[in-house]
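Chemist: Following this message is one structure expressed as structure tokens.
There are 2 protein chains.
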Amino acid sequence: MTSDSDSNDELPYGSLIDLKIEDRVYRGVLMPSHRFSQEDILTLKLDNGYNIGLKKSDDMEITVLEEPKDIHREEDKPKKEEGLPKISILATGGTIASYVDYHTGAVHPAQSAEEMIYANPELADRCVPEVDVLLSKLSEDIKPQEWEMIAERVVEEFRSGSEGVIIAHGTDTMGYTSAALSFLLEDLPGPVVLVGSQRSSDRPSSDAHLNLLAAVEMAKSDVSGVYVVMHQDLNDRRCSVHLGTKVRKMHTSKRDAFRSINCEPVGWIDPLKEKVELKELPDRKDTEPKIRGGIVKDVAMIYVHPGMDEKVILQTSGSKGVVLIGTGLGHIPTDLISSVEKITDDGTPVVITSQCLYGTVNCNVYSSGRKLKEAGVISGRDMLPETALVKLMWTLSREEDTRAIMEKNIAGEFSERRWV
Amino acid sequence: MTSDSDSNDELPYGSLIDLKIEDRVYRGVLMPSHRFSQEDILTLKLDNGYNIGLKKSDDMEITVLEEPKDIHREEDKPKKEEGLPKISILATGGTIASYVDYHTGAVHPAQSAEEMIYANPELADRCVPEVDVLLSKLSEDIKPQEWEMIAERVVEEFRSGSEGVIIAHGTDTMGYTSAALSFLLEDLPGPVVLVGSQRSSDRPSSDAHLNLLAAVEMAKSDVSGVYVVMHQDLNDRRCSVHLGTKVRKMHTSKRDAFRSINCEPVGWIDPLKEKVELKELPDRKDTEPKIRGGIVKDVAMIYVHPGMDEKVILQTSGSKGVVLIGTGLGHIPTDLISSVEKITDDGTPVVITSQCLYGTVNCNVYSSGRKLKEAGVISGRDMLPETALVKLMWTLSREEDTRAIMEKNIAGEFSERRWV
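In order, the protein sequences belong to chains A and B. For what it's worth, this note's numbering labels the leading residue of the first sequence as 19, then goes sequentially. For what it's worth, this note's numbering labels the leading residue of the second sequence as 19, then goes sequentially.
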């Protein structure tokens, strides 16, 4: 066994065992623990392919029936085909970057490029995969400065001849990262595709494999720009392609959690049939990709609600910018508008978005909106609150007029379609 | 003219006029201004029923062709039918509580019960409406203490013989108020129905009238509990009935903006056919309604995002409780968990919900969730973040164990259905 996860434990991971707890005996392959595992639970892969979790106890008995098989045998190695496009796959962590050991069936985060390819041998039939592990993080732990690092690697990958770049990413903050890359990357010659999975590869319902194959098809397509590719529905056949600035995780666990908000997805992919349908998107270009601007992380985000204290607004005074997630068309309680004005008077940009998510902010309909506008607040129009946050972080790094950039459609963050 | 809005202005509101601006003449009835109007805009109702807005200017000329007709003539008054149920309609403000003057077509907020009935004469065919104006506020300005006042009035209305109580409410925070009433009201003998509208009654696409008629049907139904009634779709025929704790405004402007989250609506109403289809809901009871608990407003709400500073968490230290709107299954960046622990160590309850909105929080899947649980954070399960906020405000008013109440299903805030 080459797994990293059994080094500090004497359990016979990878072996076929009988595990006796009290009067019951469970037969299966003992799965290695990994950093997503609960510490006191043993996982056993049963003959029917399902995993079960069993609480560790002192009186359990383990009988090893069969030693673990060796993995990474030479003949398993995917062969690189001639003429296939080079696609970079950058792993940052999360469920998608888990590595399925086909000999034991165990899942653990890919620690190396080799593991990532072994977990997905079909990759090599579709492209020449250049895999690298950039980060190994749950996505809630990815920091804004890491968006810059990822963007820099994307530029390098294109410069070194990749035709597309895939970012394997945890789903929690994938929408924030896709928005950040959309603003940070300029003159992209080809597609940058973020992909994640909602169910780890050891579960029969896992979406990891299909999503990754769809991401490869997207990375090979004739377009440029930043996209997110995830399950379209629960049929396990098609994936949707979302614009990096318009996509949001709308379910904690379902495979079709990612939705385009205030617009349609920009494409659909049937990876098993290698079928890619895309709307009109920017073509591949013969351009030199570069980073535009950077990320200023000191931006506050406020969720507006009844009973909100004005101190919540005033406490943002050290921030470089503020995003308000207002109610309805973009409102906050009228008696808090003067506090917002104190912030804007100091020259701090304040952007208003809506907790409705769908539809557009409109500060002209009601008096409270008009007062907010008079207080100097910038309308986020139909931008997602998360995209507005990332855009403001990015805009603040530039030496141009903040309001002008915030109001300009930089990376499709405003829909063309009017919402009625 | 009896409108309140022309008192400080000499314009001939209600008159048929020719309005000449530069070289164009517009003919129509001059609408009174109201508090939702823009100050520098005149509104003219054209012969085709549409309103147009024209910018006031010094060189415009007005010719009065016809004086305004009297309104509130005796013969217009709706007759109270015998045997119809008494339904209370409490106006709190917002677009729904606007008053359409059928003689001029003008819209302004109902300032009196009379106006509310005149605006909706069919009410009197369906019930004996007892109308009162409690508040005249945009709903973003409704304060938590006003939820208590509304709840007290609901109790009084039932005690004085009403068979159902309708609350006409602005849509921005209607979901917060419906959640508050769900927790505050106990032993309700009949239904409490919140209703709003997304388009004011002067617009051809207004949903005000249909929603109000549907609310009356719901208020007359054989159930008890707190509900929200709003357009089901854009067909202008049916309304959905939502549980007060599970409903959220999901679009800034569309008429079908209100959606049940993590459950189906509990009913559908075709008000023109007087058809009401309801799922299994608590029956009407012969009980004495009462207020349980109160509202403690000092609860903070934090929207978790990449780059969030720990000070955002630490600054809540004066609050009585905190609701986190985490990512995914209910996560926050791992390096912020120790800050949360400082808050919980002080005995302040912290509840975690998800910005995905759909699906349920699960702190057992990933290590970051397990650490949050170890830090003493209470899982909001599949409760809406807004409902969790209101429930925590309510729970803190009670002298019982906060965690125990937060984890108990009080008013349908947790769905029975498991989300996979």
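Beta carbons: idealized from backbone N, C-alpha and C, even for Gly.
For B/Ser386, I'd like the list of residues in its chain whose CB is within less than 6 Å of its CB, leaving aside the five on either flank, ordered along the chain.
Modeler: Counting from one through the second sequence, the residue named residue 386 of chain B turns up at place 368. Closer than 6 Å at Cβ, skipping near neighbours: His349, Thr352.
Chemist: For B/Pro444, which residues in chain A fall below 7 Å Cβ to Cβ?
Modeler: The first residue shown for chain B is 19 and the last is 438, placing residue 444 of chain B beyond what the model contains.
Chemist: If B/Ile105 and B/Ile184 are in contact, beta carbons under 8 Å, what's the gap, nearest whole angstrom?
Modeler: As a position in the second sequence, residue 105 of chain B is number 87, starting the count at 1. As a position in the second sequence, residue 184 of chain B is number 166, starting the count at 1. Right, their Cβ atoms sit about 6 Å apart.
Chemist: What are the boundary residues of the alpha helix (DSSP H) that includes B/Ala169?
Modeler: Taking the second sequence and counting its residues from 1, one reaches residue 169 of chain B at position 151. Where B/Ala169 is concerned, the enclosing alpha helix (DSSP H) stretches over 162–177.
Chemist: What separation, rounded to the nearest whole angstrom, lies between the Cα atoms of A/Met424 and A/Gly398?
Modeler: Taking the first residue of the first sequence as position 1, residue 424 of chain A is located at position 406. Taking the first residue of the first sequence as position 1, residue 398 of chain A is located at position 380. C-alpha separation (whole angstroms): 8 Å.
Chemist: Near B/Ser394, which residues of its chain fall below 6 Å by C-beta distance, leaving aside the five closest residues on each side in sequence?
Modeler: Locating residue 394 of chain B in the second sequence gives position 376, where the first residue counts as 1. The sequence given here places Gly at residue 394 of chain B; Ser does not occur at that position. Cβ neighbours of B/Gly394 beyond the five flanking positions: Thr362.
Chemist: Nearest CA to the CA of B/Ala198: which residue from B/Pro207, B/Leu212, B/Asp304?
Modeler: Along the second sequence, read from residue 1 onward, the residue named residue 198 of chain B stands at position 180. When each option's Cα is compared against that of B/Ala198, the closest is B/Leu212.
Chemist: Considering only C-alpha positions, which residue in the set B/Tyr384, B/Gly179, B/Gln373, B/Val265 is nearest to B/Leu102?
Modeler: Numbered from its first residue, the second sequence carries residue 102 of chain B at position 84. Here the closest residue by C-alpha is B/Gly179.
Chemist: Under a Cβ-count criterion, where at least 16 other Cβ atoms within 10 Å of its own Cβ denotes burial, should B/Tyr120 be classed as buried or exposed?
Modeler: The sequence position of residue 120 of chain B within the second sequence is 102, counting from 1. At B/Tyr120 the pLDDT is 49, less than 50, meaning the model places this residue with poor confidence; the figure from the coordinates comes in the next sentence. That one is exposed.
Chemist: Thinking C-alpha only, which one of B/Glu148, B/Leu153, B/Glu175 is nearest B/Trp165?
Modeler: As a first step, residue 165 of chain B is located in the second sequence; it is residue number 147 there, counting from the start. For B/Trp165, the nearest C-alpha among the options comes from B/Leu153.
Chemist: Under the rule that 16 or more other beta-carbon atoms within 10 Å means buried, what is B/Pro403, buried or exposed?
Modeler: The count along the second sequence starts at 1 and reaches residue 403 of chain B at position 385. Answer is buried; the Cβ neighbour count reaches 16.
Chemist: By DSSP, does B/Tyr384 sit in helix, in strand, or in coil?
Modeler: Within the second sequence, numbered from 1, the residue matching residue 384 of chain B stands at position 366. Residue state, collapsed to three classes: coil.
Chemist: Between the alpha carbons of A/Val4 and B/Glu328, how many angstroms are there, rounded?
Modeler: Not covered by the structure: residue 4 of chain A. The range shown for chain A is 19 to 438.
Chemist: Since B/Ser386 meets chain A, which of its residues come closer than 7 Å, beta carbon to beta carbon?
Modeler: Here residue 386 of chain B refers to the residue found at position 368 when the second sequence is read from its first residue. Within chain A, the residues near B/Ser386 are Leu156, Glu158.
Chemist: How many Å lie between A/Glu158 and B/Arg144 at the Cα?
Modeler: Walking along the first sequence from the start, residue 158 of chain A turns up at place 140. Walking along the second sequence from the start, residue 144 of chain B turns up at place 126. Their backbone Cα atoms lie some 54 Å apart in a straight line.
Chemist: Which bits of chain B does A/Lys389 rub up against, with CB to CB less than 7 Å?
Modeler: Translated into the one-based positions of the first sequence, residue 389 of chain A becomes position 371. Within chain B, no residue comes near A/Lys389; the closest Cβ sits about 11 Å away, beyond 7 Å.
Chemist: With distance defined between alpha-carbon atoms, name the residue in B/Lys63, B/Ile114, B/Leu407 nearest to B/Thr263.
Modeler: In the second sequence, the residue the question calls residue 263 of chain B occupies position 245. B/Thr263 has its Cα closest to that of B/Leu407, out of B/Lys63, B/Ile114, B/Leu407.
Chemist: If you count every other CB in all the chains shown that lies within 10 Å of the CB of A/Leu62, and 16 or more means buried, which is it?
Modeler: Here residue 62 of chain A refers to the residue found at position 44 of the first sequence. Result: buried.
Chemist: Distance, Cα to Cα, B/Asp274 vs B/Leu252?
Modeler: Along the second sequence, one-based indexing puts residue 274 of chain B at 256. Along the second sequence, one-based indexing puts residue 252 of chain B at 234. Those two C-alpha atoms are separated by around 6 Å.
Chemist: Is the shortest distance between the beta-carbon of B/Cys374 and the beta-carbons of chain E less than 9 Å?
Modeler: Here the protein chains are A and B, and chain E is not one of them.
Chemist: Answer yes if the stretch 317–336 of chain B comes into contact with the stretch 225–243 of chain B, meaning at least three C-beta pairs across the two stretches below 8 Å, and no otherwise.
Modeler: Output reads no: the stretch 317–336 of chain B does not touch the stretch 225–243 of chain B.
Chemist: According to the neighbour-count rule (16 or more other Cβ atoms, all chains shown, within 10 Å of its Cβ), is A/Thr305 buried or exposed?
Modeler: Walking along the first sequence from the start, residue 305 of chain A turns up at place 287. Its Cβ having fewer than 16 others within 10 Å, A/Thr305 is exposed.
Chemist: Is the Cβ of A/Ile343 closer than 9 Å to any Cβ of chain B?
Modeler: The residue given as residue 343 of chain A occupies position 325 in the first sequence. Yes - at least one Cβ of chain B is within 9 Å of the one on A/Ile343.
Chemist: Whole angstroms are fine: how far does the CA of A/Glu170 sit from the CA of A/Pro207?
Modeler: The sequence position of residue 207 of chain A within the first sequence is 189, counting from 1. The sequence position of residue 170 of chain A within the first sequence is 152, counting from 1. The alpha-carbon atoms of A/Pro207 and A/Glu170 are separated by roughly 14 Å.
Chemist: What is the C-beta distance between B/Ser160 and B/Thr110, in whole angstroms, given that I count them as a contact (C-beta under 8 Å)?
Modeler: Taking the first residue of the second sequence as 1, we reach residue 160 of chain B at position 142. Taking the first residue of the second sequence as 1, we reach residue 110 of chain B at position 92. The identity of residue 160 of chain B in the sequence shown is Ile, whereas the question assumes Ser. About 7 Å separates the two Cβ atoms, so the contact holds.
Chemist: Go to A/Leu228, then tell me how far its alpha helix (DSSP H) extends in each direction, as first and last residue.
Modeler: Locating residue 228 of chain A in the first sequence gives position 210, counting from the first residue. That run of the alpha helix (DSSP H) goes 226–238.
Chemist: Compare the C-beta of A/Met49 with all C-beta atoms of chain B and state if any pair is closer than 9 Å.
Modeler: Residue numbering aside, residue 49 of chain A sits at position 31 when the first sequence is read from its first letter. No, A/Met49 lies away from the interface with chain B (no Cβ there is under 9 Å from its Cβ).
Chemist: For the stretch 189–197 of chain B against the stretch 291–302 of chain B, are there 3 or more C-beta pairs whose distance is under 8 Å?
Modeler: As far as the Cβ criterion goes, the stretch 189–197 of chain B does not touch the stretch 291–302 of chain B, which means the pair count is below three.
Chemist: A/Pro209 lies in the beta strand (DSSP E); which residues open and close that run?
Modeler: What you label residue 209 of chain A is simply residue 191 of the first sequence in a count that begins at 1. 209–213 is the span of the beta strand (DSSP E), which, as asked, contains A/Pro209.
Chemist: What does a CB cutoff of less than 7 Å around A/Thr413 pick up in its chain, not counting 5 residues either side in sequence?
Modeler: To locate residue 413 of chain A, count along the first sequence from 1; it is residue 395. If we look at A/Thr413 and ignore the five residues flanking it on each side, its Cβ neighbours are Thr420, Ile423, Met424.
Chemist: Please check if any C-beta of chain B sits within less than 9 Å of the C-beta of A/Glu404.
Modeler: Mapped onto the first sequence, residue 404 of chain A falls at position 386. Yes, its Cβ sits closer than 9 Å to a Cβ of chain B.
Chemist: Is the beta carbon of B/Asn138 closer than 9 Å to that of B/Leu29?
Modeler: In the second sequence, the residue the question calls residue 29 of chain B occupies position 11. In the second sequence, the residue the question calls residue 138 of chain B occupies position 120. No, the Cβ-Cβ distance between B/Leu29 and B/Asn138 is not below 9 Å.
Chemist: Does chain B have any CB closer than 9 Å to the CB of A/Val14?
Modeler: This structure gives no information on residue 14 of chain A, because the portion of chain A shown stretches from 19 to 438.
Chemist: Provide the residue span of the beta strand (DSSP E) that contains B/Lys104, from first to last.
Modeler: In the second sequence, counting from the first residue as 1, residue 104 of chain B sits at position 86. Where B/Lys104 is concerned, the enclosing beta strand (DSSP E) stretches over 104–109.
Chemist: Could you work out which residues of chain B lie near A/Gln333, taking near to mean beta carbons separated by less than 9 Å?
Modeler: As a working note, residue 333 of chain A is residue 315 in the first sequence. Residues of chain B passing the Cβ test: Lys329, Val330, Gln333.
Chemist: Figure out for me which residue from B/Ala318, B/Cys381, B/Ile343, B/Ile107 has the closest Cα to the Cα of B/Lys238.
Modeler: What you label residue 238 of chain B is simply residue 220 of the second sequence in a count that begins at 1. Measuring from the Cα of B/Lys238, the nearest candidate turns out to be B/Ile107.
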